[in-house]
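Residue numbers (my numbering): 3 to 118.
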């Protein structure tokens, strides 16, 4: 399956649709996982992800309406992915800065201790 889709300016494809049956643990109702792939165009650090749509929602839309709903859900998920990625990047940068500061202090300590 390869259905063209555009999400937040990124061109990709719907590559698979899988049913997920309600099991009372992971899925409270029957849903479909719609797998999206963007062929190398990254959303944060990922090039593909899935969105989930309930069976009831799928049955309530026409084909064109369903594609719009998938795009809407994909845009929301892509925005969340990019936000988490940006937050993680900021955290890693802050950690790198703290490590550099600590290493600079170690250098001063080592130099000071070696002069006694």
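Each residue gets a CB set at the ideal place from its N, CA and C atoms; glycine is no exception.
Counterpart residues of residue i in DSSP-defined beta bridges
i	result
residue 40	Per DSSP, none; premise fails for residue 40.
residue 15	6 and 39
residue 53	36
residue 22	33
Of the residues the options, the one placed nearest residue i, counting alpha carbons only
i	options	result
residue 28	7, 54 and 8	54
residue 51	90, 17 and 62	17
Expected contact under 8 Å - CB spacing of residue i and residue j to nearest Å
i	j	result
residue 36	residue 83	Actually they are not in contact, since the Cβ atoms of residue 36 and residue 83 sit about 15 Å apart, beyond 8 Å.
residue 34	residue 21	6 Å
residue 9	residue 76	4 Å
residue 31	residue 57	7 Å
Residue i classed as buried or exposed, judged by whether at least 16 other C-beta atoms fall within 10 angstroms
i	result
residue 14	buried
residue 24	exposed
residue 7	buried
residue 119	Examination of residue 119 is not possible in this model, given that the chain is present from 3 through 118 alone.
Runs of alpha helix (DSSP H) wholly within the segment 55-83 (minimum 4 residues, chain order): Within the segment 55-83, the complete alpha helix (DSSP H) runs of at least 4 residues are 57-62.
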